[in-house]
Amino acid sequence: MKTNDRVAAVGVGYSRTGRRLGLSSWELAVQAAKAAMDDAGMTPKDMDGVTVLWGVAGPAPAGLDVVEPMDFGYSLGINPLNWYAAPSPAPAYVAAALEAIAAIRAGFAHTVLTLRIINQRLSSRQEIASMAESGPTEATGEAQFTAPFGSVSPIFSIASLPAQRHMERFGTTEEQFGAHVVAQRYHASMNDDALFRDPLTIDDYLASRYIAKPVRLLDCDYPVDSASAIIFTTGDRARDWRKKPVWVESAALSSTRYLSFELIEDMNQNSPFHAAEQLWSRTDLTPDDVDCAQLYDGFTIITFQWLEALGFCGLGEAGPFVEEGNTRLGGKLPVNTDGGACNVGRRHGANFCIESVRQLRGECGERQVPDAEVAVWANATGPFSGAVLMTGD
Amino acid sequence: MPTQLKAGDTPPVPVPTDVTRFFWEGVARHELLILRCQSCGHYVHHPRIVCSRCQSTDLAPEQVSGRGTLYSHTVVMQAFHPYFVDKLPYVLAVVELEEEPGLRLTTNIVDCPEDELRIGMPVEVAFTEVAPGLTLPLFRRAA
């Protein structure tokens, strides 16, 4: 069977993004797909695959018009489809990207549109109010062992418990978490697409309220309605489009346990470490070659875990590494140069692929990392994760 | 459970399956039961029908001591479910049981001042009826 040695990202784009836009999942997906096609100078006739991660947006719980990849491909005019997938549950956008990359490498498809569509959920107060008159809630599946104890927000299990252990085990401080939050807001101040652009100080961070200690509001990404799209294609076709291709140098997907974040084998050293090991084993490049890193920031501790997992610093050393300024633009390893999901809004990792592509094309203006040739982006944490290493043309 | 209970009167109520029912029936009797591989001795939690260490399907619930150490904890300051609105702050925790390294469960630590919580501190099970008809294996600091 004929396969393809190289895969490139050739088009990226976002839908309108913001709070309660009133746009359906489909409207957001069409906007993002058109933006990515426009970026590439491509039409649906040039594509033969669609992958989607969790295709729902629009204010929950109403308006969840799921974007199913076969339907979306047909409706947009990508016909016939040679590849379609909607991985779930899955570690954020990287799962949709890896479905596309794997299919192209394997020769099943030549050009795949990948999508992440996401809704802004009801706030916790709205959810609580909506339950006032209903009967007891049920804890099913894995949640029967967690939700009865009040593990009812992913913040607690994905962020607070690992962050607390990181602090007690390695001496990480709240000021070090704050240094990351301040640094990526600084990057956001140079990004026209960012929703938060006003500079923050460490005092602003320390004044922000706790959600579940040690995690504060400013450690959490910002819920929005948005869709993100990235188009991948074969090496043979990569130069046929409007922009310079950005190459997939290596990629890895990992799962080390089912969705019990509380029970992963080591809260500070789990699936991202496995993904990183696989990522580096598939390339001759090393962490020293990386010019910028775009690391999931659903919560600050996740970015810290990826810094350690990818080998940019040692296990337990992310706090000092960040506090010393290494992750700021101008530092040794600029991290989350678009401002991260805390500032551009929650895109479940797709923004980190898009920012990598833009940095490696040299399109980032004031926040451009000089001469960026190698970028790594990574999604998710705990029991499941994935990472992709990309190079410029 | 009486049908007039509202969502705010009880934490989310565990819905057992055929594989997990022994755990909740044990808790109701104030016994902490963990599924154990009868072939290699590995404890399997959350329950599964196969042992991930030796692939035996000969698994049976065994009572454990209820003693362990604190693996991590968080003081929850915002409620995401109506039951917890007037329970704030509460301590969500992961406890490692003494029977096997890595054998952990999710719980709450009760009766311990927040600033005295330390990873590694000894804890013991404290079965507690938290709502009508719902007993949970909570943990408290052990002597």
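Protein chains in written order, with the working numbering: chain A, 1 to 393; chain B, 1 to 143.
We put the CB at the ideal spot given by N, CA and C, even for glycine.
Have a look at D236(A), E323(A), N336(A), W377(A) and flag the residue whose alpha-carbon is nearest the alpha-carbon of V10(A). D236(A)
By the DSSP assignment, the beta strand (DSSP E) with T233(A) in it spans what residues? 226-234
Using a beta-carbon distance below 8 angstroms, is T106(B) in contact with chain A? yes
Quick check: the stretch 253-271 of chain A against the stretch 91-107 of chain A, are there 3 or more CB pairs under 8 angstroms? yes
For R358(A), which residues from the same chain have a beta carbon less than 6 angstroms from its beta carbon, with the 5 sequence-adjacent residues on both sides left out? C364
Compute the distance between the beta-carbons of L138(B) and I34(B), then report whether it is under 8 angstroms. no
I want to verify the contact list: residues of chain A whose CB lies under 7 angstroms from the CB of T74(B), in sequence order. F156, S160, L161, Q164, A212, K213
May I ask which residues mark the beginning and end of the beta strand (DSSP E) holding H73(B)? 67-76
With a CB to CB cut of under 7 angstroms and the five nearest residues on each side skipped, what residues in its chain are close to A60(A)? Its pLDDT being 49, under 50, A60(A) is placed unreliably by the model, and the measurement read from it follows with that caveat. Closer than 7 angstroms at Cβ, skipping near neighbours: N119, R121, L122.
Does Q144(A) have its Cβ less than 8 angstroms from a Cβ in chain B? yes
Would you say Y43(B) lies against chain A (beta-carbon separation less than 8 angstroms)? no
Going by the DSSP bridge assignment, what does Y210(A) pair with across the sheet? R216(A)
Could you check what DSSP says for T256(A) in three-state terms: helix, strand or coil? coil
Count the other CB atoms within 10 Å of the CB of P214(A); is the residue buried (16 or more) or exposed (fewer)? buried
8 angstroms Cβ cutoff, M1(B) in contact with chain A: Only weak support is given to the placement of M1(B): the predicted model assigns it a pLDDT of 49, under 50, and the value that follows is read from those uncertain coordinates. Judged by the 8 angstroms Cβ criterion, M1(B) is in contact with chain A.
Going by the beta-carbon positions, is the gap between L115(A) and A96(A) smaller than 8 angstroms? yes
Quick one, which residues of the stretch 264-291 of chain A are near chain B if we go by CB-CB under 7 angstroms, in chain order? E265, M267
Using beta carbons (cut-off 8 angstroms, strictly below), is L128(A) in contact with chain B? Before going further, note that residue 128(A) is Ile rather than Leu in the sequence given. By this cut-off, I128(A) is an interface position.
Same chain, Cβ closer than 8 angstroms to G26(B), neighbours up to 5 away in sequence not counted: L32, L33, P61, Q63
Of the choices P14(B), A142(B), G8(B), G66(B), whose alpha-carbon is the least far from that of A143(A)? P14(B)
Would V388(A) and A251(A) qualify as a contact pair, given that the criterion is a beta-carbon distance under 8 angstroms? yes
Neighbour list for I109(B) in chain A, Cβ cutoff strictly below 7 angstroms: By Cβ distance, chain A contributes nothing, its closest Cβ being about 10 angstroms from I109(B), past 7 angstroms.
Mind reading off the beta-carbon distance from L97(B) to G68(B)? Whole number of angstroms is fine, and I expect it under 8 angstroms. 4 angstroms
Given that S124(A) touches chain C, what residues does it touch there, using C-beta distances under 8 angstroms? Here chain C cannot be found, since the structure's protein chains are A and B.
Can you pull the chain A residues whose beta carbon is under 8 angstroms from the beta carbon of I119(B), in chain order? Q164, R165, E168, R169
Beta-carbon of L97(B) versus every beta-carbon of chain A: anything under 8 angstroms? no
Which residues in the same chain as F321(A) place their Cβ atom closer than 8 angstroms to its Cβ, once the five residues preceding and following it in sequence are excluded? L307, F312, C313, T327
Min CB distance V13(B) to chain A below 8 angstroms: yes
Name, please, each residue of chain A whose Cβ falls closer than 8 angstroms to the Cβ of D9(B). P136
Compute the Euclidean distance between the alpha carbons of E175(A) and V76(B), then round it to the nearest angstrom. 20 angstroms
List in chain order: all unbroken beta strand (DSSP E) runs of 3+ residues lying wholly within the stretch 270-310 of chain A. 292-295
Could you work out which residue in G49(A), R125(A), A132(A) is closest to E99(A) when comparing CA atoms only? G49(A)
Examine the ligand GTP and report whether any of its heavy atoms sits within less than 7 angstroms of the Cβ of D86(B). As for the ligand GTP, it is missing from this structure, which has no ligand bound.
Among P89(B), E100(B), V125(B), A131(B), which one has its Cα closest to the Cα of A114(B)? According to the sequence shown, residue 114(B) is Glu rather than Ala. For E114(B), the nearest C-alpha among the options comes from P89(B).
Any chain B beta carbon closer than 8 angstroms to F400(A): Absent from the model: residue 400(A). The displayed extent of chain A is 1 to 393, so no value can be given.
State buried or exposed for L117(B), treating a residue as buried only when at least 16 other CB atoms are found within 10 Å of its CB. buried
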